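Take a look at the structure below.
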Amino acid sequence: MPETALPATASTSQEAEIIAALGTRSVVLVGMMGAGKSTIGRRLAARLRLPFLDADTEIEAAAGMSIPDIFEAHGEPHFRDGEARVIARLLDSGAGVLATGGGAFLRDETRDRVRRQAVSIWLKADGDVIMRRVKRRADRPLLKTPDPAATIERLIGEREPFYQQADLTIWSRDVPHEKIVDECIDALHAWLSRDDAKATPSDTLDATR
């Protein structure tokens, strides 16, 4: 179930303008595992007073089993099919901030749906940053390899051409979470202002690294 937006201080005019410009659209966070999509997403949702949704959590709830167990029992293609259905349902449910799994944005139908129903933000992180974060967890199915660091670099290389199609890019690095959220807010406000002026979905805005 979507999480209710966390308590937040009164919205600034910038945040209020973002909410108004979004309408029924969501904000969708894409990027590699360990990029901070769930952590930043919760804080961004609180700032915008929107529900926070985590696609992986919703998939596990729908399947009645963990993602590692889904991979083991049914394989990655089965998981990706279910992931696409869950994301479609969440986007149809109205405005929110949605954190997606690392491979979700690679699927054509999901990218097309996100393009129509949301504003997408790629949380971009260097491989060493990702490795430091994900090595704390042992439940990443795609990292159960002899050389997880090499696997991360390979996945980054394979996935970045898809992530680059997101509307916005924000660098995820080792700074306070609220700084990243502030950059997301600034980028969303600027992009939605351009969108109101008939900017095309392919326009992107990179926050300063």
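The sequence shown begins at -2 in this note's numbering and counts up by one.
Every residue gets a Cβ at the ideal spot worked out from N, C-alpha and C, and that includes glycine.
These numbers were taken from a predicted model, which means no experiment stands behind them.
Point to revise | Beta-carbon separation (whole angstroms), A163 vs I118, contact threshold 8 Å | key: The pair is a contact, with the Cβ atoms about 6 Å apart (cut-off 8 Å).
Review point. Does the Cβ-Cβ distance between A42 and V94 come in under 8 Å?
Key: yes
**Study point:** When H71, G100, M62 are compared against F159, the one with the closest alpha-carbon
**Key:** The shortest C-alpha separation from F159 is found at G100.
Practice item. Look at the alpha carbon of L189 and the alpha carbon of E69, and state the distance between them as a whole number of angstroms. Key: 41 Å
**Study point:** Option nearest G33 by Cα separation, candidates D125, R151, A96, T166
**Key:** The option with the nearest alpha carbon to G33 is A96.
Check your understanding: What is the DSSP secondary structure of L95, reduced to helix, strand or coil?
Key -> strand
Point to revise | Test item: CB-CB of I64 and D53 under 8 Å | key: Contact flag set, yes.
Review point. Once you ignore the five residues that flank A60 on each side, which residues in its own chain have a CB closer than 6 Å to its CB?
Key: These residues qualify, in order along the chain: I67.
Check your understanding: So the alpha helix (DSSP H) K34 belongs to, where does it begin and stop?
Key -> 34 to 45
Check your understanding: How would you call A184, buried or exposed, if buried means at least 16 neighbouring beta carbons within 10 angstroms?
Key -> buried
Check your understanding: If you run the structure through DSSP and keep just helix, strand and coil, what is S10?
Key -> helix
**Study point:** Of the residues T9, A187, I177, K121, the one placed nearest I37, counting alpha carbons only
**Key:** I177
Practice item. State the CB to CB distance for the pair S23 and A115, rounded to an integer number of angstroms; the pair is presumed to be in contact (CB under 8 Å). Key: 4 Å
Review point. Considering M49, what are the terminal residues of the beta strand (DSSP E) in which it resides?
Key: First, the residue type needs correcting, since residue 49 is Phe and not Met in the sequence shown. 49 to 51 is the span of the beta strand (DSSP E), which, as asked, contains F49.
Practice item. Determine the contact status of M29 and R156, defining contact as a CB-CB distance below 8 Å. Key: yes
Review point. Taking the C-alpha atoms as reference points, what is the distance between A196 and V111?
Key: With a pLDDT of only 38 at A196, under 50, the local geometry of the prediction cannot be trusted, and the value read off the model is given with reservation. In a straight line, the C-alpha of A196 is about 16 Å away from that of V111.
Check your understanding: Is E175 helix, strand or coil when you go by DSSP?
Key -> helix
Review point. Are the Cβ atoms of G31 and A122 separated by less than 8 Å?
Key: yes
Point to revise | Sequence-distant residues of the same chain with beta carbon closer than 8 Å to V83, five excluded per side | key: A52, E55, I56, A59
Exercise for review: Counting only the same chain and skipping the five closest in sequence on each side, list residues whose C-beta sits under 6 Å from that of E150.
Suggested key: G124
Check your understanding: Just how far apart, CA to CA, sit H174 and E73?
Key -> 31 Å
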